[in-house]
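In my numbering, the protein residues as written are 302 to 572. The beta carbon of each residue, even a glycine, is placed where N, CA and C say it ideally should be. Please read all numbers here as calculations on a predicted model, not as lab measurements.
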Amino acid sequence: MEEAHALLRWKTSLQNHNNGSLLSSWTLNNVTKTSPFAWVGIHCNRGGRVDSINLTSIGLKGMLHDFSFSSFPHMVYLDLWPTLYLYHNSLSDSIPSELGNLRSLSTLSLGYNKLSGSIPHSLGNLTNLATLYIHTNSLSGSILGEIGNLRFLSDLELSNNKLSGLIPPSLGNLSNLATLYLDNNSLSDLIPSELGNLSGSIPHSLGNLTNLATLYIYSNSLSASIQGEIRNLKSLSNLALTNNKLSGSIPPSLGNLSNLVKYKYATQEGG
302 MEEAHALLRW KTSLQNHNNG SLLSSWTLNN VTKTSPFAWV GIHCNRGGRV DSINLTSIGL
362 KGMLHDFSFS SFPHMVYLDL WPTLYLYHNS LSDSIPSELG NLRSLSTLSL GYNKLSGSIP
422 HSLGNLTNLA TLYIHTNSLS GSILGEIGNL RFLSDLELSN NKLSGLIPPS LGNLSNLATL
482 YLDNNSLSDL IPSELGNLSG SIPHSLGNLT NLATLYIYSN SLSASIQGEI RNLKSLSNLA
542 LTNNKLSGSI PPSLGNLSNL VKYKYATQEG G
């Protein structure tokens with residue numbers, strides 16, 4: 302019952318909650334008075350407790366700070382791999398640190414909103430997280446070193462924000478990482494060599510990322526030449542390096558990447 306009331310309070314806080322078609326199923330009646338299992342976007346376990354939320358692309362306008370995440374214990378304590386999809390809405394203000402309490406969360410998808418401010422350090426507590434999508438917002442500040450604590454993370458999308466500073470070496474701890482998007486930010490021209498566990502040049506150790514499928518690091522300030530060790534990225538299917546300051550020739554070893562279907566290198570500043 303607490304979960305249903307928490308969802309209703311958040312619905313009321315939305316700027317467009319009076320839209321009759323928006324979350325119209327979110328109402329208490331004889332069926333839903335004990336559990337919101339029949340509500341659009343809400344998934345409950347057999348006990349009627351919320352374990353996943355999917356409200357992708359439904360036009361939500363409001364703030365996450367009005368959402369009482371602590372009211373959903375089955376997304377906090379149980380190893381159920383719950384998910385939270387709020388992708389492609391108009392949610393604004395900052396990402397609340399309270400999100401870091403959802404320790405069982407496996408997917409957090411907040412891309413394509415209007416979120417601003419810095420990434421909260423508490424996201425480093427989401428140690429079961431496999432997918433983190435917070436791209437295409439207006440997030441600023443630096444990429445948190447705490448993200449390196451997310452040992453199950455396979456997909457990380459931070460592109461199209463206003464992030465600045467260095468790429469933290471701790472990202473090299475993400476041995477399961479398959480997709481990394483950092484493009485269209487204001488990151489500095491230094492890529493830490495630790496990403497090979499994964500100035501200004503692409504490090505040789507990048508070739509250790511043998512599970513990497515997508516590498517988009519265009520529109521930054523990378524310099525020097527492409528390292529031949531990229532030939533070791535046998536799983537790579539998408540590579541974009543445009544709008545940097547790279548020099549030299551394209552290494553012939555790129556021709557050995559049999560899975561590569563999309564490659565962009567041209568348009569280098571000063572080249």
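For a cut-off of 8 Å, the C-beta gap from Lys415 to Ser441 is around 13 Å, too long to register as a contact. Residue environment analysis places Asn330 among the exposed positions, since fewer than 16 neighbouring C-beta atoms fall within 10 angstroms of its C-beta.
DSSP, read as helix, strand or coil, puts Thr313 in helix. Distance from the CA of Gly342 to the CA of Gly556, rounded to the nearest whole angstrom, comes to 45 Å. The C-alpha of Ser325 lies about 15 Å from the C-alpha of Gln316.
The Cβ neighbour count for Met376, taken over all protein chains shown within 10 Å, is at least 16; the residue is labelled buried.
Put simply, of Pro493, Ser439, Met302 the residue whose alpha carbon is nearest the alpha carbon of Ser395 is Ser439. The C-alpha of Leu308 lies about 17 Å from the C-alpha of Tyr388.
For the set Tyr517, Asn355, Gly466, the Cα lying nearest the Cα of Ala479 is the one of Tyr517. A residue is called buried once 16 or more other Cβ atoms fall within 10 Å of its Cβ, and Gly466, having fewer, is exposed. Residue environment: Ser487 is assigned as exposed (fewer than 16 neighbouring CB atoms within 10 Å of its CB, all protein chains considered). Note on geometry: alpha-carbon atoms of Leu459 and Ser471 lie some 15 Å from one another. Between Pro469 and Ile444, the C-beta spacing is below 8 Å. Runs of the beta strand (DSSP E) spanning 3 or more residues and lying entirely within the segment 330-383 occur at 343-345, 351-355, 362-364, in chain order. Contact between Leu433 and Leu457 holds: CB atoms are separated by about 5 Å, below the 8 Å threshold. A residue is called buried when at least 16 other Cβ atoms come within 10 angstroms of its Cβ; Ala339 does not meet this threshold and is exposed.
Boundaries for Ser398: no beta strand (DSSP E) harbours it, and the DSSP string shows neither H nor E there. The alpha carbon of Val351 has as its nearest neighbour, out of Ser538, Thr428, Asn474, Pro337, the alpha carbon of Pro337. Beta bridge pairing from DSSP links Asp456 with Thr432, Thr480.
Check the Cα spacing between Gly401 and each of Leu411, Ile420, Leu424, Thr408: the tightest is with Leu424. For Leu416, the enclosing beta strand (DSSP E) starts and ends at 415-418.
Straight-line measurement puts the Cα of Ser489 at about 32 Å from the Cα of Thr384. Contact check for Leu475 and Leu513: beta-carbon distance about 10 Å, past the 8 Å limit, so the pair fails to qualify. In the structure shown, Ser471 falls within a helical segment according to DSSP collapsed to helix, strand and coil. Residue state for Ala305 is assigned as helix, using DSSP reduced to three classes. Counting other Cβ atoms within 10 Å of its Cβ, Asn485 reaches 16 or more and is therefore classed as buried. In the structure shown, Ser423 falls within a helical segment according to DSSP collapsed to helix, strand and coil. A Cβ-Cβ contact shorter than 8 Å links Ser407 with Asn429. DSSP places Gly412 in the coil class of the three-state scheme, outside both helix and strand.
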